[in-house]
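A quick write-up on the structure given underneath.
Protein chains: 2
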Amino acid sequence: MKIAVLGTGMVGRALAGRLAGLGHDVVVGTRDVEQTLARTEPGSMGTPPYADWQQANPAMRLVPFHEAGAHGELVLNATAGAQAMAALEATGASNLTGKVLLDLAIPLDFSQGMPPQLTVANTDSLGEQIQRAFPDTRVVKALNTVFVEVMIDPSRVPCAHTIFVAGDDTGAKEVVKGLLGEFGWPAEWIIDLGTIRAARATEMYMQLYFNLVNVLDTFDFNIAVHRA
Amino acid sequence: MKIAVLGTGMVGRALAGRLAGLGHDVVVGTRDVEQTLARTEPGSMGTPPYADWQQANPAMRLVPFHEAGAHGELVLNATAGAQAMAALEATGASNLTGKVLLDLAIPLDFSQGMPPQLTVANTDSLGEQIQRAFPDTRVVKALNTVFVEVMIDPSRVPCAHTIFVAGDDTGAKEVVKGLLGEFGWPAEWIIDLGTIRAARATEMYMQLYFNLVNVLDTFDFNIAVHRA
Numbered sequence: 001m002k003i004a005v006l007g008t009g010m011v012g013r014a015l016a017g018r019l020a021g022l023g024h025d026v027v028v029g030t031r032d033v034e035q036t037l038a039r040t041e042p043g044s045m046g047t048p049p050y051a052d053w054q055q056a057n058p059a060m061r062l063v064p065f066h067e068a069g070a071h072g073e074l075v076l077n078a079t080a081g082a083q084a085m086a087a088l089e090a091t092g093a094s095n096l097t098g099k100v101l102l103d104l105a106i107p108l109d110f111s112q113g114m115p116p117q118l119t120v121a122n123t124d125s126l127g128e129q130i131q132r133a134f135p136d137t138r139v140v141k142a143l144n145t146v147f148v149e150v151m152i153d154p155s156r157v158p159c160a161h162t163i164f165v166a167g168d169d170t171g172a173k174e175v176v177k178g179l180l181g182e183f184g185w186p187a188e189w190i191i192d193l194g195t196i197r198a199a200r201a202t203e204m205y206m207q208l209y210f211n212l213v214n215v216l217d218t219f220d221f222n223i224a225v226h227r228a
Numbered sequence: 001m002k003i004a005v006l007g008t009g010m011v012g013r014a015l016a017g018r019l020a021g022l023g024h025d026v027v028v029g030t031r032d033v034e035q036t037l038a039r040t041e042p043g044s045m046g047t048p049p050y051a052d053w054q055q056a057n058p059a060m061r062l063v064p065f066h067e068a069g070a071h072g073e074l075v076l077n078a079t080a081g082a083q084a085m086a087a088l089e090a091t092g093a094s095n096l097t098g099k100v101l102l103d104l105a106i107p108l109d110f111s112q113g114m115p116p117q118l119t120v121a122n123t124d125s126l127g128e129q130i131q132r133a134f135p136d137t138r139v140v141k142a143l144n145t146v147f148v149e150v151m152i153d154p155s156r157v158p159c160a161h162t163i164f165v166a167g168d169d170t171g172a173k174e175v176v177k178g179l180l181g182e183f184g185w186p187a188e189w190i191i192d193l194g195t196i197r198a199a200r201a202t203e204m205y206m207q208l209y210f211n212l213v214n215v216l217d218t219f220d221f222n223i224a225v226h227r228a
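From first to last, the protein sequence lines are chains L and V. If you count the first sequence from 1, position 221 lands on 221 in the numbering used here, and the numbers rise without skipping. If you count the second sequence from 1, position 132 lands on 132 in the numbering used here, and the numbers rise without skipping.
What follows is the structure, encoded as structure tokens:
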């Protein structure tokens, strides 16, 4: 499938690499290609410069957001939450019309220290904001509840565990479930939480997630939902 | 142990009954004893009148909040979140000084329909508000992530699953962990999330919880944290 990954950080890179490895036709979208490639300092989380990763993945194409949008039949929003809306506007509503947008961004606010707060919570969510701003795009919130290495390889966590999808468009959720399957998520580990309103639930879970990161001292964890 | 359960709803009753069954010296606290016993209509969730339950549990003592506070060495806040602060003020700071207060209330706001929103989230939590309002009380947030029947009998959910504690006072958390053990929670299922700040994490998880209630169509569920 033709896939566009928006965002050049740790999450975007890992997803793009994994998707290319699965045989998809992947491009990575960024605001300014030259600027992204020219950066030599590590990112805020100590992520090496994108150029290093590009060198290790020479076949990967880095393109401006709007070109990525035009390329992707499926578009992944892997930008930092605070930049998500600007990145999607640069991608262009017309490039996103009718397409499945897998939104895995988290609206984190690190200004008050760790664990981060959210820039939007309780009465709204980033997923809902995106769906409202792009009403002709089929937004699905998923994968935002686990670390990127777990997203693309759920076997890193022992036992069965759970991943959530939320979105208004059933067909779009099926596309995303298919992608999750390719990453290694068995269908029975996937819980469909309902409409995009439930993006609020998985984004607000981030508060517990970051507490658990701190307590468990690892990102290789996840929750499993068990029922009677 | 002398235990006070604040709150006469479904949660307070189940906890009080279970604790009495375990041999504890339990009282239930309410704002106005006569009014609570006089009520004949079911509660908002269809809960039968307290008087019915009192009749079925004749040994249980229903007392005003301040009397409950004076009785309890351990105090459980099982009030509805919106009433929690008023109930604790009626219980009295002097009655709560130095004591362990297990806060399992959730600041739910049903005014916008289901799933409920929270009256406080992201930048604060009910647990933190209570600890700030009663600085000489040893507040522990726990048990608020599961339905009351699961709180008092974790075997209702198959497989190992997880319960969280959060609070500033290590000794108080040990008291609560002991109580969880009596309810049937093995020590290895309990995760200490750290200070009372983490009440925010478990309260904000409620958004996912209520989505799961809806999707799973049962309250008999919980999450298990699995790590590599």
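Virtual Cβ for every residue (Gly too), placed ideally from N, Cα, C.
DSSP places P154/L in the helix class (H, G or I) of the three-state scheme. R132/L is outside the set of residues whose beta carbon lies under 8 Å from a beta carbon in chain V. Only residues of its own chain outside the window of five on either side were considered, and among them N77, G127, I130, V139, K141 have a CB closer than 6 Å to the CB of D103/L, listed in chain order. Among the residues facing chain V, N222/L is included, as its CB has a counterpart in that chain under 8 Å away. For the region 99-171 of chain L, the full-length alpha helix (DSSP H) segments reaching 4 residues or more read 126-133, 148-152 along the chain.
At least 8 Å separates the CB of T170/L from every CB of chain V. Remark: C-beta atoms of M10/V and M60/V do not approach each other more closely than 8 Å. By the neighbour-count definition (other C-beta atoms within 10 Å, threshold 16), F110/L is an exposed residue. Put simply, of E67/L, T91/L, A228/L, R200/L the residue whose alpha carbon is nearest the alpha carbon of V157/V is A228/L.
The three-state reading of DSSP puts F221/V in strand, counting E and B together.
About 4 Å separates the beta carbon of G69/L from that of T91/L, a gap short enough to meet the 8 Å contact definition.
CA-to-CA, the gap between I191/L and A14/L works out to about 23 Å.
The way I'd put it, the region 16-33 of chain L does touch the region 1-8 of chain L; three or more beta-carbon pairs between them come closer than 8 Å. The beta carbon of E149/V sits closer than 8 Å to the beta carbons of A14, R156, F219, D220 from its chain, once the five residues preceding and following it are set aside; these are given in chain order.
Restricting attention to T40/V, P116/V, V225/V, the CA atom closest to the CA of R200/L is found in P116/V. Assigned with DSSP and collapsed to three states, H71/V falls in helix. Chain L places a beta carbon closer than 8 Å to that of V215/V, counting this residue as a contact. When the beta-carbon positions are compared, L108/V and T202/L stay at least 8 Å from each other.
Looking at the DSSP output, N77/L bridges to L6/L, D103/L. Looking at I196/V, N211/V, T36/V, the one whose alpha-carbon comes closest to that of D124/V is I196/V. Beta-carbon to beta-carbon, V33/V and I3/V are separated by about 18 Å, too far to satisfy the 8 Å threshold. Q83/V and P42/L have their C-alpha atoms some 49 Å from each other.
Its Cα nearest to that of P154/V, the residue W185/V stands out among W185/V, F210/V, F65/V, D217/V. Assignment of beta-bridge partners to T195/V by DSSP yields no partner. Contact note: L102/V does not reach chain L at a C-beta cutoff of 8 Å; the least C-beta distance is about 19 Å. Between V146/L and L74/L, the C-beta gap is not smaller than 8 Å, which leaves the two residues out of contact. With at least 16 other beta carbons inside 10 angstroms of its own, E67/L counts as buried.
Contact annotation for Q117/L against chain V: N122, T123, R200 [CB-CB distance below 9 Å, chain order]. If you draw a 10 Å sphere on the C-beta of N214/V, you find fewer than 16 other C-beta atoms in it, and that means exposed. For the options N95/L, T40/L, G21/L, the alpha carbon positioned closest to that of G29/L is the one of N95/L. Just so you know, the alpha carbons of G72/V and A80/V end up roughly 19 Å apart.
Excluding five sequence positions before and after K177/L, the CB atoms of its chain that fall closer than 6 Å to its own CB belong to I190, given in chain order.
At the C-beta level, A198/L and A166/L come within 8 Å of one another. R18/V sits in a helix when the DSSP states are folded into three classes. Between L180/V and I163/V, the CB-CB gap stays under 8 Å. A residue is called buried when at least 16 other Cβ atoms come within 10 angstroms of its Cβ; A56/L does not meet this threshold and is exposed.
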